[in-house]
Amino acid sequence: MVEKIEHLEMCGITKRFPGVLSNNKVNIHIKTGEVLAILGENGAGKTTLMNILYGLYQPESGKILLNGKHVSINSPREAIALGIGMVHQHFMLVPTLTVCENVILGLSKSFLVDLKTAAQKIKEITDTYGLAINPDAFVWQLSVGEQQRVEIIKALYRGANLLILDEPTAVLTPQESNELIQLLRNMAAQGNSIILISHKLHEVMALSDRVTVLRDGEVCADVLTRETTQEALAQLMVGRKMAPCKREGTFSPGQTVLELQDVFAHGDKGTEALAGVSLTIREGEILGIAGVSGNGQKELAEVIAGLRHLSQGKITLNGKESTKMSPARIIQQGLGYIPEDRLHVGSIPSFNIWENLILKDHNHPPFAKHTFLKKKAIMAHSASLVATYGVKTPNLETATGRLSGGNIQRVILAREITRSPVALVAAYPTRGLDIGATEYLHSKLLEARKNGIGVLLISEDLEELLSLCDNIAVLYEGSVMKVMPVEATNERILGLLMAGIAEET
Ligand SMILES: Nc1ncnc2c1ncn2[C@@H]1O[C@H](COP(=O)(O)OP(=O)(O)OP(=O)(O)O)[C@@H](O)[C@H]1O
Ligand SMILES: [Mg+2]
0 MVEKIEHLEM
10 CGITKRFPGV
20 LSNNKVNIHI
30 KTGEVLAILG
40 ENGAGKTTLM
50 NILYGLYQPE
60 SGKILLNGKH
70 VSINSPREAI
80 ALGIGMVHQH
90 FMLVPTLTVC
100 ENVILGLSKS
110 FLVDLKTAAQ
120 KIKEITDTYG
130 LAINPDAFVW
140 QLSVGEQQRV
150 EIIKALYRGA
160 NLLILDEPTA
170 VLTPQESNEL
180 IQLLRNMAAQ
190 GNSIILISHK
200 LHEVMALSDR
210 VTVLRDGEVC
220 ADVLTRETTQ
230 EALAQLMVGR
240 KMAPCKREGT
250 FSPGQTVLEL
260 QDVFAHGDKG
270 TEALAGVSLT
280 IREGEILGIA
290 GVSGNGQKEL
300 AEVIAGLRHL
310 SQGKITLNGK
320 ESTKMSPARI
330 IQQGLGYIPE
340 DRLHVGSIPS
350 FNIWENLILK
360 DHNHPPFAKH
370 TFLKKKAIMA
380 HSASLVATYG
390 VKTPNLETAT
400 GRLSGGNIQR
410 VILAREITRS
420 PVALVAAYPT
430 RGLDIGATEY
440 LHSKLLEARK
450 NGIGVLLISE
460 DLEELLSLCD
470 NIAVLYEGSV
480 MKVMPVEATN
490 ERILGLLMAG
500 IAEET
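Going by numbering that gives the first Met the number 0, the first residue of the sequence shown is number 0, and it counts up by one from there.
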C-alpha cells in the first residue's frame with residue numbers, strides 16, 4: 000500500500016544542463032488536498048523541476064522530503080511507488096499500441112492476460128471522472144486532446160495521490176479544460192495533491208490554492224492564490240506589465256492567396272474528416288477557424304500543406320492549383336505552415352537550432368551555393384532569429400529537442416514567419432507559449448497581415464480569434480458551419496456554432 004502523501008517538500012534543488020542553470024536552489028512544498036500552481040516564462044525551469052520530482056533527472060544538490068522523511072527518487076518507477084504521478088508536456092505514449100495497452104505498459108509481466116481486467120479498471124476510472132475514451136482505439140488514431148486523456152488515465156490507474164500535470168490544458172478544448180479543472184478540484188477535495196504547470200492564468204486563479212513563480216530557474220514568489228490577481232501574477236512572471244494585442248486599421252483585403260473548393264478528405268481513422276470545405280483567404284486577411292479540436296482542423300491544415308490527400312475538391316495557392324503538389328513544392332509556392340504537432344512535424348528534435356531554422360531553405364541562396372552550406376550566413380541569420388524571437392538556448396548548436404516546450408515553438412514560429420510566405424497556416428500557434436510570447440506572436444500575426452500575408456489561424460481560443468481575425472469560420476464535423484465577419488459575431492454565437500447549432504431556436 001502506498002503511504003499517503005501528507006506533505007512533500009523539495010529543498011534547495013539545483014540542476015544544471017550544459018550551458019544552463021535550469022533550477023537554482025529551488026524550494027517548493029505542497030500538502031494533502033492542496034493545488035499548487037507553478038508559473039514561469041518559457042524556459043524558467045518548471046518542467047525540469049517536475050522531472051526531478053518524478054525521478055527522471057537527478058539534481059546536483061538539494062533533497063526531497065516526503066512526510067518529513069528524506070527520499071531519493073531515482074526513476075519514474077520509484078516515484079510511482081511513492082504515489083507520485085506525472086502527465087507530461089509532450090506525450091509519452093506508444094502510437095502503435097491501444098489505449099488500454101498504453102495504460103498498463105510497464106506495469107505487469109503478463110501483459111496480454113491482464114488486458115481484460117485492465118479494460119475494466121480503465122472503464123471505472125473513465126466513468127468516475129467522465130473521461131470519455133475508447134480503450135481499444137490505437138493511440139495514433141487519437142486527437143491530441145484524447146491522447147492527453149490517456150496520459151491522465153495512466154497516472155490515475157497507477158494510484159497517484161500526488162499528480163503533476165505539465166500544461167495539461169494546453170492541448171484541451173475549452174470544454175475539456177473545464178471538465179479537467181472540475182476533475183482536479185474533485186481529486187483535491189478528496190485529499191489528493193496536485194501540482195499544475197500552466198500558462199493560462201485564469202485557470203491558475205480558478206484552480207490553485209497557492210502559486211510558486213519561477214524566473215530564470217529561481218523561485219521569485221510564493222503567494223496564496225486568494226491573495227493575488229491575474230495581473231500581479233503576470234507581472235511577477237515577466238517582470239513588466241502586459242497589454243493585449245488587438246487588430247487595428249481597416250480591413251482591405253487584396254487578391255485571393257489560398258482557396259479551398261469543396262474539399263473532402265479522410266482522417267487517420269478512415270472516416271470522412273473534411274466534408275465539402277470551401278474557404279477563401281485573401282492578402283492581408285486573417286481568417287480564423289473556430290471549432291472544438293477533432294472536427295477536421297488537423298486534416299484541414301494537412302491538406303493545405305500537402306501532407307494529406309484530398310478525396311475530392313481543389314486547392315489553389317498563390318494562383319496555382321496545389322491539390323496534387325508535393326509538400327516541398329507547396330512550400331516553394333509560398334505556404335508557411337505552423338503544424339499542431341510541433342515537436343515531430345514542425346521540427347526535427349535531433350537537429351540543432353540553426354538546422355531547424357533553415358530546414359526549408361537549406362538548398363538555395365543565401366544559405367547555400369551549389370551544394371555547399373554557407374555557414375556564416377546561416378549562423379548570422381539564426382543568431383538574429385534567436386535574438387528577435389527570444390529563444391532561450393545556450394547556443395545555436397543545441398539540439399532543438401533539448402529546448403523547453405515553448406522555446407521549440409519559438410524556433411518554428413521564427414522560421415515560418417520570417418520566410419515571408421504568401422499564405423500562412425497556423426494551427427494553435429500559441430499553445431504552450433507563455434503570456435509574453437503569446438503577446439509577441441499575436442503582434443507578429445498582425446504584422447504578417449499588414450504585410451499582405453493571408454493567414455489561416457486555427458485556434459480554440461475564442462478571445463484570440465475575436466481580437467485578431469477579420470473573418471471567422473466555424474468548423475463542425477468536417478464542414479464549415481458559417482463564415483462571419485468578426486464584427487458580426489461573439490463568443491456566444493461561436494459557441495453555439497461550435498456545438499453544431501446553426502440557428503438560434
Ligand atoms: N535534457 C536537457 N538537456 C539540456 N538542456 C535542458 C534539458 N532539459 C531542459 N533544459 C534546459 O533547461 C531550461 C529550463 O527548461 P524547462 O523545460 O524546465 O523550462 P519550462 O519552464 O518547462 O519552459 P516551458 O514553459 O517552455 O515548457 C531550458 O533552458 C532548457 O533548454
Ligand atoms: Mg515545460
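Note that CB positions come from ideal geometry on N, CA and C, so glycine has one too. For clarity, every value in this text was computed on a predicted model and none was experimentally measured.
Anyone know if the C-beta pair for Leu316 and Gln296 falls short of 8 Å?
no
Euclidean distance between Cα positions of Asn489 and Pro58
C-alpha separation (whole angstroms): 49 Å.
Any chance the CB of Pro17 is under 7 Å from a heavy atom of ligand 1?
yes
Which residues does DSSP pair with Asp221 in a beta bridge?
Thr211
Using only CA atoms, which one of Val485, Ala487, Ser478, Ala379 lies nearest to Met497?
Proximity to Met497 across Val485, Ala487, Ser478, Ala379 peaks at Ser478, based on C-alpha coordinates.
Excluding sequence positions up to five away, which residues of its chain have a Cβ less than 7 Å from the Cβ of His441?
Cys244, Leu467
Where Lys375 falls, given that 16 or more other Cβ within 10 Å makes a residue buried
Result: exposed.
Extent of the continuous beta strand (DSSP E) run through Arg477:
For clarity, residue 477 is Gly in the given sequence; the question names Arg instead. First-last for Gly477: undefined, no H or E at that position.
Please report how far the alpha carbon of Met483 lies from the alpha carbon of Leu273, in whole angstroms.
20 Å
Three or more C-beta pairs under 8 Å: does that hold for the segment 190 to 200 against the segment 25 to 35?
Under the 8 Å Cβ criterion, the segment 190 to 200 counts as touching the segment 25 to 35, having at least three qualifying pairs.
Entirely enclosed beta strand (DSSP E) segments - the segment 300 to 343, minimum 3 residues:
311 to 316, 334 to 337
Are the segment 76 to 87 and the segment 156 to 168 in contact at 8 Å, needing three or more beta carbon pairs?
yes
Please work out which residues of its chain come closer than 7 Å, Cβ to Cβ, to Leu65, disregarding the five sequence neighbours upstream and downstream, and give them in chain order.
Ile4, Leu7, Leu81
Inside the segment 336 to 423 only - alpha helix (DSSP H) runs reaching at least 4 residues:
352 to 356, 374 to 387, 404 to 417
Express the C-alpha separation of Ile285 and Ala487 in angstroms, rounding to a whole number.
15 Å
Cα-Cα separation, Asn73 to Val19
Taking the straight line joining both Cα atoms gives about 22 Å.
Per-residue DSSP class, three states only, for Ala272:
It is a strand residue.
Take every Cβ of the segment 169 to 180, pair it with every Cβ of the segment 9 to 23, and state whether three or more of those distances are shorter than 8 Å.
At 8 Å Cβ cutoff, the stretches do not touch.
How about Glu217 and Ile196: do their beta carbons lie closer than 8 Å?
Cβ distance not < 8 Å, so Glu217 and Ile196 don't count as in contact.
With which residues is Arg157 paired in a DSSP beta bridge?
Note: Arg157 sits in no beta bridge, so no partner.
Three-pair Cβ contact test at 8 Å for the segment 340 to 355 versus the segment 392 to 412
yes
Quick test of your reading: Ser310 and Ala379, contact by CB under 8 Å. State the CB separation rounded to the nearest angstrom.
About 45 Å separates the two Cβ atoms, so there is no contact after all.
Which one of Arg184, Thr47, Gly499 has the shortest CA to CA distance from Gly290?
Closest option to Gly290, judged by alpha-carbon separation, among Arg184, Thr47, Gly499: Gly499.
Ligand 1 heavy atom lying under 7 Å from the CB of Asn406
yes
Short check: CB of Thr228 to CB of Val210, under 8 Å?
no
Compare the C-alpha of Ala187 against each of Arg76, Glu175, Ala472, Asp208 and name the closest.
Asp208
Per-residue burial, Glu230 [other beta carbons within 10 Å of its own, 16 or more giving buried]:
exposed
Hey, could you find the ends of the beta strand (DSSP E) Asn22 is sitting in?
Note, Asn22: beta strand (DSSP E), 19 to 30.
Are the beta-carbon atoms belonging to Ile329 and Leu456 less than 8 Å from one another?
no
At 3 residues or longer, and completely inside the segment 74 to 101: list those beta strand (DSSP E) runs for me, N to C.
83 to 86
Nearest to Val421 (by Cα), restricted to the options Lys481, Glu282, Gly269:
Glu282
How many angstroms separate the CA atom of Asp336 from the CA atom of Glu298?
Reading off the sequence shown, one finds Tyr at residue 336, where the question assumed Asp. Each residue's alpha carbon lies about 13 Å from the other.
Identify which residue in His363, Ile124, Leu464, Ala501 has its Cα closest to the Cα of Tyr475.
The residue with the shortest Cα to Cα distance from Tyr475 is Ala501.
Is Leu35 near ligand 1, with its Cβ less than 7 Å from a heavy atom?
no
What does a CB cutoff of less than 7 Å around Gly61 pick up in its chain, not counting 5 residues either side in sequence?
Met9, Cys10, Gly11, Ile12, Thr13
May I ask you to list the residues that DSSP assigns as paired with Leu7?
Ile29, Leu65
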